[in-house]
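Single-structure report; data block below.
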Amino acid sequence: MSERKVLSKYYPPDFDPRTLGRSKAPKQAGPKVQTVRLMSPFSMKCTSCGEYIYKGRKFNARKETPQEEKYLGIQIYRFYIRCTRCSAEIVFRTDPRSQDYICEKGAKRNTDPWKRGLGDDPTKDETDDQRLDRLEREMAEAEGNGDAERNAMAELEAKTADAKREMAVADALDEIRSRNARIERAKKEGVEVEVVDRGPTAEEEERRRQEREDEEAARRAFAFARGQDALEEVLMEDVDGEWRGSGAGTPVSETRGVMGPPPVPSPAAPAKVVDAPTGVDAPAPSFKRTVKKKKDHAALLGIKKKQPLV
1 MSERKVLSKY YPPDFDPRTL GRSKAPKQAG PKVQTVRLMS PFSMKCTSCG
51 EYIYKGRKFN ARKETPQEEK YLGIQIYRFY IRCTRCSAEI VFRTDPRSQD
101 YICEKGAKRN TDPWKRGLGD DPTKDETDDQ RLDRLEREMA EAEGNGDAER
151 NAMAELEAKT ADAKREMAVA DALDEIRSRN ARIERAKKEG VEVEVVDRGP
201 TAEEEERRRQ EREDEEAARR AFAFARGQDA LEEVLMEDVD GEWRGSGAGT
251 PVSETRGVMG PPPVPSPAAP AKVVDAPTGV DAPAPSFKRT VKKKKDHAAL
301 LGIKKKQPLV
């Protein structure tokens, strides 16, 4: 069995390495040709035997690149295939202008329903100048159609505005006619009619009066609340001053206005009645929230609480 990776090669006795020089063959003349694998770009019928070749059939074709055939700088390629039945040569090339292919020899292209009418295209053999002129005309026509559409929209908007105006005028005329008819009917009945500008109705007057009364009541309530707050502040200052005077042995006039904690009265001493200032009226009832003292339900049930150690 021979080795897979050969390290030594056999040289015959008559081998002459000088005969292995590179040979320079002349360059190939004419267009460049190479073998490629492709599919038929369209369905066709062979003109020699009538064989139908459907679109997508694979062939080993020769691809030719003629350097002198170009369209606007785009290279045109020519392909050579053979019929699958009679082996007749079929030639077709690319068409960059229509982005399609053109069958040149050996077969006839089948009619494509979605491309019907392209054979009668008058722009098929037009020159570049003719094509530019045609494109300019088409662009001008498109712009003219756009202006026509814009004009149609403006006319429609104007008609809509006119219709709204006519409807408003008709409503105003109907109202005037109804008012004139009412006046004429009243005149026939012998009632004098005068067109005057009516003032506010009785309901509006009543509503305005109620609003004024509500505002006045709210103003009085707020003024009374402010007076009650000021009165309570004066009374609290007087009470604090008397408590500080009884605890430190100083008169009330000296201790008034000095901040400090109130003294704790002894249980045996009777509660001292504080007279309100002579120039101040009796305080009105306050609507402030007061915290009620909780009942000792444990004492009512006979449960004795343990005194804290600390």
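In the UniProt record's numbering, the protein residues as written are 1 to 310. Positions of the beta carbon are idealized from the N, C-alpha and C atoms, including for glycine.
1) Since SER87 contacts PHE59 with CB under 8 Å, what's their CB separation in whole angstroms?
2) Starting from ALA299, trace the alpha helix (DSSP H) both ways and give me its first and last residue.
3) For THR94, count the other beta carbons within 10 Å of its own beta carbon; 16 or more makes it buried, fewer makes it exposed. Which is it?
4) List in chain order: all unbroken beta strand (DSSP E) runs of 3+ residues lying wholly within the segment 20-101.
5) For the beta strand (DSSP E) holding ARG109, just list the boundary residues, first then last.
6) Which same chain residues end up closer than 6 Å to VAL33 when comparing Cβ atoms and leaving out the 5 residues on each side of it in sequence?
7) Can you tell me whether GLU189 is helix, strand or coil according to DSSP?
8) Kindly give me the distance between the Cβ atoms of residue 318 and GLN67, rounded to whole angstroms, as I take these residues to be in contact under 8 Å.
9) By the 10 Å Cβ neighbour count, where 16 or more other Cβ atoms means buried, how is GLY50 classified, buried or exposed?
10) Take ASP112 and list the residues in its own chain whose beta-carbon comes closer than 7 Å to its own, dropping the five residues that flank it on each side.
11) Round the Cβ separation of ALA284 and GLN228 to the nearest angstrom and send it over; I've been treating them as touching at under 8 Å.
12) Cβ atoms of VAL91 and TYR77: under 8 Å apart, would you say?
13) Compute the distance between the beta-carbons of ASN110 and LYS9, then report whether it is under 8 Å.
14) Using the beta-carbon count (16 or more within 10 Å), is residue 322 buried or exposed?
15) For GLY56, which option in ARG37, LYS70, ILE74 and ALA142 has the closest C-alpha, if you only look at C-alpha atoms?
16) From ARG220 to LEU235, what does the alpha carbon distance come to, in whole angstroms?
17) I'd like to check one pair, SER48 with CYS83: are the Cβ atoms closer than 8 Å?
18) In whole angstroms, what separates the C-alpha of HIS104 from that of GLU89?
19) Rounded to the nearest angstrom, what separates LYS304 and VAL291 at their Cα positions?
20) Here's the rule I'm using: 16 or more other beta-carbon atoms within 10 Å means buried, otherwise exposed. How should ILE53 be labelled?
21) Could you check the C-alpha separation between GLU69 and ARG4 for me, to the nearest Å?
Per the coordinate set shown:
1) Not a contact, Cβ separation roughly 12 Å.
2) 297-300
3) buried
4) 32-39, 44-46, 58-65, 78-82 and 89-95
5) 107-109
6) ARG62 and GLU64
7) coil
8) An answer regarding residue 318 cannot be provided, because it is not within the stretch 1 to 310 covered by the chain.
9) exposed
10) none
11) 6 Å
12) no
13) no
14) Because the chain spans 1 through 310 in this model, residue 322 falls outside it and cannot be assessed.
15) ARG37
16) 23 Å
17) yes
18) First, the residue type needs correcting, since residue 104 is Glu and not His in the sequence shown. Cα-Cα distance, rounded: 11 Å.
19) 25 Å
20) buried
21) 51 Å
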